[in-house]
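Quick notes on the structure that follows.
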Amino acid sequence: MQQPEVWMRGPAEGVPSLLQPAAHALLQAREEVNEIMNNFPDNLLWERPANVASPAFHLQHLSGVINRLLTYAKGEMLNQEQLDALAKEGKEDSSITVAGLLKQFNERIDEAISQLKNTDEKTLTDFRGVGRKQLPSTVQGLLFHAAEHTMRHLGQLLVTVRIIRSQAKQQRGL
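Residue 89 in UniProt numbering is what sits at position 89 of the sequence shown, and the numbering runs on without skipping anything.
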């Protein structure tokens, strides 16, 4: 029997009330990403049907965006490692595996949930500058954007993976 979506299972333990929607979205994304990528072949990670972004890019980007937005939410600037990872997003690399990408994504979700648990609700409207230009945001804005952006790319990943699987199945059948 399939479970209801995460938001229908009750509060995420230890997460402040005002941050429950962000936690639910991130936890839902983790379940769906792991499900859709189950048994996905490494050799298809860089496929780009109809010239859309590859599954590898989406998985890299999901992990990277969560990491970067959480950094800004803490009031910090990106470090060199984060900037290097950003520069590598979407650059084809045959050493990248589904297992490695999922491990990194799951770790980022764990880090995000931990940060949500440790966020004082009184700080949610505190100013946070984004990037070198210090574009205006808030703690809450960054945390919710991390969840919203994750769900957006999850949707794109789901469609792309289904198309790739369908094309691969058709090719095997020919």
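Note that CB positions come from ideal geometry on N, CA and C, so glycine has one too.
In this structure Ser166 is exposed. Its beta-carbon is surrounded by fewer than 16 other beta-carbon atoms within 10 angstroms. For Ala12, the closest of Gln104, Thr150, Ala112 by C-alpha to C-alpha distance is Ala112. With a contact defined as Cβ atoms closer than 8 Å, Ala25 and Val15 miss out at about 12 Å. Excluding the 5 residues flanking it on each side, His61 has same chain C-beta neighbours closer than 7 Å at Glu89, His153, in chain order.
In the three-state DSSP reduction, Ser137 falls in the strand class (E or B).
Boundaries of the beta strand (DSSP E) around Phe127: 127-130.
Scanning Gln115, Pro41, Pro49, Glu35 for the CA closest to the CA of Arg68 turns up Gln115.
Leu19 places its beta carbon less than 8 Å from that of Thr119. Judged by beta-carbon spacing, Pro4 lies beyond the 8 Å limit of Ile164, meaning their Cβ atoms are not closer than that value.
DSSP places Val33 in the uninterrupted alpha helix (DSSP H) bounded by 20-36.
Fewer than three pairs of CB atoms, one per stretch, sit closer than 8 Å, so the stretch 143-150 makes no contact with the stretch 39-51. Cα atoms of Arg108 and Ala168: separation of roughly 30 Å, rounded to the nearest angstrom.
Using a 10 angstroms sphere on the CB of Met8, the tally of other CB atoms stays under 16, which defines it as exposed. The beta carbon of Gly64 lies closer than 8 Å to those of Gln82, Ala85, Leu86, Glu89 in the same chain, with the five residues before and after it left out. For Tyr72 and Met1, the gap between their C-alpha atoms comes out near 39 Å. Under the three-state reduction of DSSP, Gln3 is assigned to coil, being neither helix nor strand. Taken atom to atom, the span from the alpha-carbon of Leu124 to that of Leu70 is near 13 Å.
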